[in-house]
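Student:
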Amino acid sequence: MSVKIRLARRGRKKRPFYHVVIADARSPRDGKFIESIGTYNPMTVPATIELDREKAYSWLMKGAQPTDTVRALMKFKGVYYRKHLMRGVAKGAMTEEKAMEMYNAWIEAKEAKIASRIEQTKQEREKFWKMVSGEIKPMKAAAAKESGDAFREGGDADAAEGETAEAPATEEAAPEAPKAEEAAPAQEEPKAEEAAPAPVAEAPAEEAPAPTADPDDLTKIEGIGPAISKVLAGQGVLTFADLAGKSPEDVKAMLDAAEGNFAAHDPATWPKQAEMASKGEWDALKKWQDELDGGKVVANTAEEE
C-alpha cells in the first residue's frame, strides 16, 4: 500500500482550513485517512502551522511520500533538517546527541523568529486600525477622568464665579437700547425704498443651474452590489461623499424600506469605506477590505504563527 502525507481540506467556502493527514494514496482527498498529524491555516498572517514533528519524522522515515505543499511545511517545521542530521549520524560524521543538540537549537531559533514575526504583524495591524478608526478609547476615558477631578475640586468656586459674572452682563446690556433707537431713523431713509426693484434680479440668480457631481461606482464598497447600488441611488445616495454622510442606521432604514430581500445586509462599515474612497485612500481601503467578509468585520481568533 502506497502511503501519502497530504492535506485534507476543511472550512467553508473561500475560508479554507487543512488537516495534515497520513492516508492511502488511493483514498479521496477528503476521504478516509490513517492518522492526523497537524493542521494548516493559510488565512492568517502569517500562516498558522501546527505539526507533530515526531510523528511526521516517523512516517517520513517509514517511506511515506509527502505532497509538494506538505514537504514545504515539513521543511519549515524542521522535519527534513532532522532527517539530514540523522543521515550524518548514520555516516559517522557526528553522534546522535550532537545531532539532537543541533536540531533543538535550530528549533528554538526558528520559534523565536516566528514569534518576532507575529509581534511585528500585530503592531502593523494595530497601527492600521488606529489609522482607520482614529483615537483609541482609553485616551478618551482618561480625559473624562481629569475633567471629573477638576469638577470635584473646584465645582463650588466655579458656580460662585458664574453667579457673580451674570450680574454685570445684564447691566451692560441696558446701554445698548439707545443704539437700537438711533438705528430706527436710518431705516426710514429713501435708500430702503430705492432697493425695492432688487427682486427682479433675484429670479435669474436662483434659476442658475447648480453643479451636480457625477455619480460614483458604489459597488467598489465591500458588501454593495448593483442591486443595492440602485436602491441607494433611488434614495439620493449617488456618490461616495453622500454615503459617507449617512450613518449605518440611516442606510439600514433605506434597505428595510426597499422592495426585496435587502434587510439581511449589514451596512455597518459602508459609510467608513465610502469616506476613505471619497478621500482617495484606496490602498488603505483595499487592505481593510481584504480583512472584511462581505462588508462585515470578521473576528479572527485563530492563533497566528
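Residue numbers (the numbering used here): 5 to 309. Using N, Cα and C, we set each Cβ at its ideal position, and we do this for glycine too. Keep in mind the model is a prediction, meaning the values are calculated, not measured.
Expressed to the nearest angstrom, what Euclidean distance is found between the alpha-carbon atoms of residue 82 and residue 228?
Tutor: Position 78 of the sequence shown, counting from 1, holds the residue named residue 82. Position 224 of the sequence shown, counting from 1, holds the residue named residue 228. So the alpha carbons of these two residues sit roughly 45 Å apart.
Student: Could you tell me the boundaries of the alpha helix (DSSP H) in which residue 87 lies?
Tutor: Sequence index remark: in the sequence shown, residue 87 carries index 83 (1-based). Counting along the chain, the alpha helix (DSSP H) containing residue 87 begins and ends at 83 to 94.
Student: Helix, strand or coil for residue 273, going by three-state DSSP, please let me know.
Tutor: To locate residue 273, count along the sequence shown from 1; it is residue 269. Correct three-state label for residue 273: coil.
Student: Give the C-beta separation of residue 266 and residue 232 to the nearest angstrom, bearing in mind that I take them to be a contact with Cβ-Cβ under 8 Å.
Tutor: The residue labelled residue 266 in the question sits at position 262 within the sequence shown. The residue labelled residue 232 in the question sits at position 228 within the sequence shown. Rounded, the Cβ-Cβ distance is 6 Å, consistent with contact.
Student: Would you tell me roughly how many angstroms separate the C-alpha atoms of residue 230 and residue 255, rounded to the nearest one?
Tutor: Within the sequence shown, the letter at position 226 stands for residue 230. Within the sequence shown, the letter at position 251 stands for residue 255. Between residue 230 and residue 255, the C-alpha separation is close to 16 Å.
Student: Can you find at least 3 beta carbon pairs, one from the region 60 to 67 and one from the region 28 to 37, that sit closer than 8 Å?
Tutor: Segments in contact, no.
Student: Could you give the C-beta distance for residue 9 and residue 74, rounded to a whole number, given that I count them as a contact under 8 Å?
Tutor: Taking the first residue of the sequence shown as 1, we reach residue 9 at position 5. Taking the first residue of the sequence shown as 1, we reach residue 74 at position 70. Indeed they touch by this definition, with Cβ atoms about 5 Å apart.
Student: When you compare the CB positions of residue 250 and residue 219, do they come within less than 7 Å of one another, or not?
Tutor: For the purposes of this step, residue 250 is taken as residue 246 along the sequence shown, with counting starting at 1. For the purposes of this step, residue 219 is taken as residue 215 along the sequence shown, with counting starting at 1. Not in contact: residue 250 and residue 219 (Cβ atoms no closer than 7 Å).
Student: Can you tell which of 22, 6, 258 and 133 has the C-alpha that lies nearest to the C-alpha of residue 236?
Tutor: As a working mapping, residue 236 is identified with position 232 in the sequence shown. Answer by Cα proximity: 258.
Student: Can you tell me whether residue 183 is helix, strand or coil according to DSSP?
Tutor: Walking along the sequence shown from the start, residue 183 turns up at place 179. Note that residue 183 has pLDDT 49, beneath the 50 cutoff, so the model's placement of it is unreliable and the number below is only indicative. DSSP places residue 183 in helix when its eight states are reduced to three.
Student: Quick one, are the C-beta atoms of residue 282 and residue 261 less than 7 Å apart?
Tutor: Your numbering for residue 282 matches position 278 in the sequence shown. Your numbering for residue 261 matches position 257 in the sequence shown. No, they are not a contact pair.
Student: Identify every run of the beta strand (DSSP E) within the region 244 to 298, keeping only runs that are complete inside it and at least 3 residues long; order them along the chain.
Tutor: As far as the region 244 to 298 is concerned, it has no whole beta strand (DSSP E) run of at least 3 residues.
Student: Tell me the DSSP bridge mates of residue 45?
Tutor: Counted from its first residue, the sequence shown places residue 45 at position 41. Bridge partners of residue 45: 52.
Student: With H, G and I counted as helix, E and B as strand and the rest as coil, what does DSSP make of residue 241?
Tutor: To locate residue 241, count along the sequence shown from 1; it is residue 237. Coil, per DSSP.
Student: Cα separation between residue 66 and residue 45?
Tutor: Your numbering for residue 66 matches position 62 in the sequence shown. Your numbering for residue 45 matches position 41 in the sequence shown. Rounded to whole angstroms, residue 66 to residue 45 spans 27 Å at the Cα level.
Student: Looking only at its chain, what residues have a beta carbon closer than 8 Å to the beta carbon of residue 85, apart from the 5 residues adjacent to it on each side?
Tutor: Residue mapping note: residue 85 aligns to position 81 of the sequence shown, counting from 1. Closer than 8 Å at the Cβ level, and outside the excluded window around residue 85, lie 79, 107 and 110.
Student: Is any heavy atom of the ligand MG found at a distance shorter than 6 Å from the C-beta of residue 108?
Tutor: The ligand MG is not among the ligands present in this structure, which contains no ligands whatsoever.
Student: Would you mind working out which of 30, 51 and 29 sits nearest residue 20, comparing C-alpha positions?
Tutor: Mapped onto the sequence shown, residue 20 falls at position 16. Answer by Cα proximity: 51.
Student: DSSP on residue 12, reduced to helix/strand/coil?
Tutor: Here residue 12 refers to the residue found at position 8 when the sequence shown is read from its first residue. Note: residue 12 maps to strand in three-state DSSP.
Student: Assuming residue 26 is part of the beta strand (DSSP E), what are its boundary residues?
Tutor: Numbered from its first residue, the sequence shown carries residue 26 at position 22. Counting along the chain, the beta strand (DSSP E) containing residue 26 begins and ends at 19 to 28.
Student: Span of the alpha helix (DSSP H) holding residue 36?
Tutor: Indexing the sequence shown from 1 puts residue 36 at position 32. Taken as a continuous stretch (DSSP letters only), residue 36 belongs to no alpha helix (DSSP H), as it is neither H nor E.
Student: For residue 14, which residues in the same chain have their Cβ closer than 7 Å to its Cβ, ignoring the five residues on either side in sequence?
Tutor: In the sequence shown, the residue the question calls residue 14 occupies position 10. Cβ neighbours of residue 14 beyond the five flanking positions: 21, 22 and 23.
Student: Determine the DSSP secondary structure at residue 230, reduced to helix, strand or coil.
Tutor: By one-based count along the sequence shown, residue 230 stands at place 226. If DSSP states are grouped into helix, strand and coil, residue 230 belongs with the helices.
Student: Near residue 223, which residues of its chain fall below 8 Å by C-beta distance, leaving aside the five closest residues on each side in sequence?
Tutor: The count along the sequence shown starts at 1 and reaches residue 223 at position 219. Once the five neighbours on either side are set aside, the close Cβ partners of residue 223 are 229, 230 and 233.
Student: Among the candidates 55, 280, 40 and 288, whose CA atom is the shortest distance from the CA of residue 131?
Tutor: If you number the sequence shown from 1, residue 131 lands on position 127. Checking every option, the nearest Cα to that of residue 131 belongs to 288.
Student: Report the rounded CA-to-CA distance for residue 91 versus residue 97, giving the unit in angstroms.
Tutor: By 1-based counting over the sequence shown, the position of residue 91 is 87. By 1-based counting over the sequence shown, the position of residue 97 is 93. Near 9 Å, if we compare the C-alpha coordinates of residue 97 and residue 91.
Student: Are residue 49 and residue 125 close, meaning C-beta to C-beta below 7 Å?
Tutor: Here residue 49 refers to the residue found at position 45 of the sequence shown. Here residue 125 refers to the residue found at position 121 of the sequence shown. It is a contact, given that the beta carbons lie within the stated cut-off.
Student: Tell me which residues share the same chain as residue 7 and place their Cβ nearer than 8 Å to its Cβ, disregarding the 5 neighbours each side in the sequence.
Tutor: The residue given as residue 7 occupies position 3 in the sequence shown. Result list for residue 7: 26, 27, 28, 29, 38, 63, 66, 67, 68 and 69, in chain order.
Student: Going by DSSP, name the residue or residues bridged to residue 40.
Tutor: The residue labelled residue 40 in the question sits at position 36 within the sequence shown. DSSP lists 25 as partners of residue 40.
Student: Note down the Cα distance separating residue 42 from residue 280, rounded to an integer number of angstroms.
Tutor: As a first step, residue 42 must be located in the sequence shown, where it is residue number 38. As a first step, residue 280 must be located in the sequence shown, where it is residue number 276. Residue 42 and residue 280: Cα-Cα distance of roughly 41 Å.
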